[in-house]
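Colleague:
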Amino acid sequence: MRTPISTTADWIVRIAFSLIAIVIILLGYNYLHHEYAKYETLELERVTLRDVKQTLEKTRDTFAKALLPRIPERNAPANLLVDSIKSLETEINAKRTAREKLWNDSPIERALPVSPSFLKISQLDIEIAYLQQGLAYVRNLQSFAAGPAEASRQIAWHTNHSANLAAQIFQNKQAQWELSKREPLAWQIPLTNAYKEMKGLEKDERSLQGTKDQHDAELTRQKAILETLNKRIPPGQFHLDQRTADGVIQPFVKRIADNEQRLEGSNLRKYLQPAIELLPTAAWILGLALLSPLLGKAIAYYLIAPIAASRPPVHLLPKSSGKISTSIDSVGSESGQTMPSRVSLPIVLDGCDELLILPSYLQGMPRNAHADTKWLLDWSMPLSSLISGMYRMTRIRPASEERVTVSSATDPLAEFSLLHVPAGSALVLQPSCLVGLVQVRGELVKITRHWRLGTLSAWLTLQFRYIVFHGPAKLIVKGCRGVRVESAVSGRTVNQAATLGFSANLAYSVARNETFTSYLFGERNLFNDSWNGDGSCVHTETSSASDRSGIFGRGLQGMVDTFLKIFGI
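Position in the sequence shown (from 1) plus 237 gives the number in the working numbering.
Here you go:
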């Protein structure tokens, strides 16, 4: 008995659990929202940084490619080197001015690696670094070419001045000699004019000799310099050193590595990344799974089916009779309306007959009839009996004429027909459609197997074995929505999914289904069974809903149907 207290307690518990559930949901939402926002920010930053890095690398490579042709060759004339130096210096100054303006105009953006100003400043740094390398190389070329020329000019100048001084010294000494000859005693007596003149000449000589010695010393030094310069190794081919440009890009590389490390620590990345990596493979597998049935069916319809249809027909027992009759009418050489199949089929047994029937189809039987179990339909075909379901059958032996009713307790669409196979006649039948049979006591119905492994048609249609029931026999056959027995005197074609059996004397072949779309969507089988001759074919009114159109059908059931078809079951 419920009380207000228990009702209130239940209500409070429900409210508490609801509140806890709402709190858990909100906590989960907040956590996922935070993780996703963090992941989205890091992912966007990663993409942006990679784009900036690629842009800088493109700038580095493009500018390097454009700069190389502008650098003069090693044997370029001096005037070209001078012009190149001026051009490079002008461009470097212009880019430095532009960089300084960007730096001053963007005090905040210049510190953000993802900003356009930071990118432009980095590009200018790369270009300036490369231009400075080019300028240093051209200056080195100029120094290498101008050094020997300047040394040679200095040598020539000092040689010329030394020769002039030597001539002046010679003239001075000549004047001293002439004075000594002219005034042999006076030039030696102090305070005389000749003495003063001689001392003046000697002083001039010492001055000229000192100057000449300086020129000779400088001449010797310049010759040594020229010799050293001539021994120098000329500058090699101009090559840009990428390390300076890579130094500009390196902060982005480090930032990307830090970003990747933070992404790896994201819980959302741990679950999303494997799924994203496997998505292309999964898409290929899905596409293959979707297209493989279409491809398989197209090959079967347009390649295999025409070849199989062109093969000669199969004659299993051409000398047997094709006579088959139902309860009231017979069909064979004449084509007439067969007895309609029934949902509930009454069968009359006399005292010499015995009925073998599956228990699930036995609706009613006489009380005084003897009944026992027959474990297999035919012990010579144990596997076929087991696979087709013809095992653990009920055997009924009435003492006198009695009636037994056959009906299905589980399948509302099942209808039954009793086929009479007289002596001398034979019927190819799938045991899976057989519900039971009536035979004379002590005279077992003869069942034979016929293999056709050596024919191309069998391999193309995957139908290698046929099971034949020989008369006299009465076979209880089940079909969906009814069973029809039709004459094949003028030729008969039936969809393969509806075929139950045919007279063993008929010429049996296959024909391709009329349209590809009906086969593609599983509405009809690939092949239609075709017969011609003095006999009959047995087929169901409607193919079973479980049919999957063989090996190219849908799922495991299609594979099972193909296996049963191979063994004629």
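Ideal Cβ positions, reconstructed from N, Cα and C, are used throughout, including at glycine.
Taking the Cβ atom as the reference point for each residue, do Ile-363 and Thr-299 lie within a distance shorter than 7 Å?
Modeller: No.
Colleague: Excluding five sequence neighbours on each side, which residues of the same chain lie with their C-beta closer than 8 Å to the C-beta of Ile-261?
Modeller: There are no such residues.
Colleague: Could you spell out the range, first to last residue, of the alpha helix (DSSP H) harbouring His-552?
Modeller: Run containing His-552: none; DSSP gives neither H nor E here.
Colleague: At 4 residues or longer, and completely inside the region 680 to 720: list those alpha helix (DSSP H) runs for me, N to C.
Modeller: For the region 680 to 720, whole alpha helix (DSSP H) runs of length 4 or above, ordered along the chain, are 693 to 698.
Colleague: Quick one, which of Thr-244, Ser-740, Glu-280 and Ile-259 has its alpha-carbon nearest His-707's?
Modeller: Of the candidates Thr-244, Ser-740, Glu-280 and Ile-259, the one whose C-alpha sits nearest the C-alpha of His-707 is Ser-740.
Colleague: Take the Cβ of Gln-700 as the centre, count every other Cβ of all protein chains shown within 10 Å, and call the residue buried at 16 or more, exposed below.
Modeller: When all chains shown are included, Gln-700 counts as buried.
Colleague: Less than 7 Å between the beta carbons of Ser-746 and Ser-780, yes or no?
Modeller: Result no, Cβ atoms of Ser-746 and Ser-780 do not sit closer than 7 Å.
Colleague: Would you tell me roughly how many angstroms separate the C-alpha atoms of Gly-484 and Asp-478, rounded to the nearest one?
Modeller: For Gly-484 and Asp-478, the distance between alpha carbons rounds to 11 Å.
Colleague: Can you tell me which of the three DSSP states Thr-245 falls into?
Modeller: Residue state, collapsed to three classes: helix.
Colleague: If we count the other Cβ atoms within 10 Å of its Cβ and call it buried at 16 or more, is Arg-251 buried or exposed?
Modeller: Per the 10 Å Cβ criterion, exposed.
Colleague: Using the rule of at least 16 other Cβ atoms within 10 Å of the residue's Cβ for burial, across every protein chain shown, is Trp-414 buried or exposed?
Modeller: That one is exposed.
Colleague: Hey, out of Thr-698, Ala-663 and Ser-557, whose CA is closest to Lys-683's CA?
Modeller: For Lys-683, the nearest C-alpha among the options comes from Ala-663.
Colleague: Relative to the alpha-carbon of Leu-595, which residue among His-607, Met-627 and Ala-606 has its alpha-carbon at the smallest distance?
Modeller: Of the listed residues, the one whose Cα sits closest to Leu-595 is Met-627.
Colleague: One question on the structure: do Pro-583 and Ala-606 come within less than 7 Å of each other, judged by their Cβ atoms?
Modeller: No. Outside cutoff.
Colleague: At the level of alpha carbons, what is the spacing between Arg-458 and Leu-317?
Modeller: Going by the C-alpha atoms only, they are around 30 Å apart.
Colleague: Count the other CB atoms within 10 Å of the CB of Leu-525; is the residue buried (16 or more) or exposed (fewer)?
Modeller: When all chains shown are included, Leu-525 counts as exposed.
Colleague: For Tyr-703, tell me which candidate among Gly-738, Arg-718, Arg-678 and Val-722 has the shortest Cα-Cα distance.
Modeller: It is Gly-738.
Colleague: DSSP has Pro-583 in a bridge; who is on the other side?
Modeller: Looking at the DSSP assignment, Pro-583 forms a beta bridge with Thr-642.
Colleague: Is it a yes or a no for the region 612 to 622 touching the region 549 to 559, going by three-plus beta-carbon pairs under 8 Å?
Modeller: No, they do not touch.
Colleague: Under three-state DSSP, which class holds Asn-732?
Modeller: Asn-732: strand per DSSP, three-state reduction.
Colleague: Mapping the DSSP letters down to three states, classify Arg-634 as helix, strand or coil.
Modeller: Strand.
Colleague: Hey, would you say Val-675 sits closer than 7 Å to Leu-599, going by beta carbons?
Modeller: No, the pair does not count as a contact, with Cβ atoms beyond the cut-off.
Colleague: Looking at C-beta atoms only, is the number of pairs between the region 486 to 493 and the region 283 to 297 that lie closer than 8 Å three or more?
Modeller: Yes, the region 486 to 493 is in contact with the region 283 to 297.
Colleague: What number of angstroms, rounded off, separates the C-alpha of Lys-460 from the C-alpha of Tyr-432?
Modeller: Roughly 42 Å separates the two Cα atoms.
Colleague: Is it true that the CB of Phe-653 sits closer than 7 Å to the CB of Lys-715?
Modeller: Yes, the pair counts as a contact, with Cβ atoms nearer than the cut-off.
Colleague: Output needed for Gln-474: all residues of its chain with C-beta closer than 6 Å, excluding positions within five of it in sequence on either side, in chain order.
Modeller: Nothing listed; no residue qualifies.
Colleague: Inspect the beta-carbon positions of Val-722 and Val-775 and report whether they are closer than 7 Å.
Modeller: Contact: yes.
Colleague: Going by DSSP, what residues sit across from Ala-651 in a beta bridge?
Modeller: In the DSSP output, where bridge partners are listed per residue, Ala-651 has Cys-717.
Colleague: Which residues in the same chain as Ile-257 place their Cβ atom closer than 8 Å to its Cβ, once the five residues preceding and following it in sequence are excluded?
Modeller: The answer is none, since no qualifying residue turns up.
Colleague: Assuming Leu-325 and Leu-372 make a contact with CB atoms under 8 Å, what is their CB distance in whole Å?
Modeller: About 4 Å; that satisfies the 8 Å criterion.
Colleague: Within the same chain, show all residues whose beta-carbon is closer than 6 Å to that of Gly-790, passing over the 5 residues directly before and after it, in chain order.
Modeller: No answer about Gly-790 holds up, because its pLDDT of 47 lies below 50 and its placement is not dependable.
Colleague: Output the distance between the C-alpha atoms of Phe-407 and Phe-381, rounded to the nearest integer angstrom.
Modeller: The alpha-carbon atoms of Phe-407 and Phe-381 are separated by roughly 40 Å.
Colleague: What's the C-alpha gap between Ser-570 and Val-726?
Modeller: With a pLDDT of only 41 at Ser-570, under the threshold of 50, the placement of this residue in the model should not be trusted; the figure read from the coordinates follows. The alpha-carbon atoms of Ser-570 and Val-726 are separated by roughly 6 Å.
Colleague: Could you give the distance in angstroms between the alpha-carbon of Arg-347 and the alpha-carbon of Leu-361?
Modeller: Their backbone Cα atoms lie some 13 Å apart in a straight line.
Colleague: Does the beta carbon of Leu-690 sit closer than 7 Å to a beta carbon anywhere in chain B?
Modeller: Considering every chain present, this structure includes no chain B. It has just one protein chain.
Colleague: Among Ser-625, Val-351, Ser-417 and Thr-327, which residue has its Cα nearest to the Cα of Leu-671?
Modeller: Closest by alpha carbon: Ser-625.
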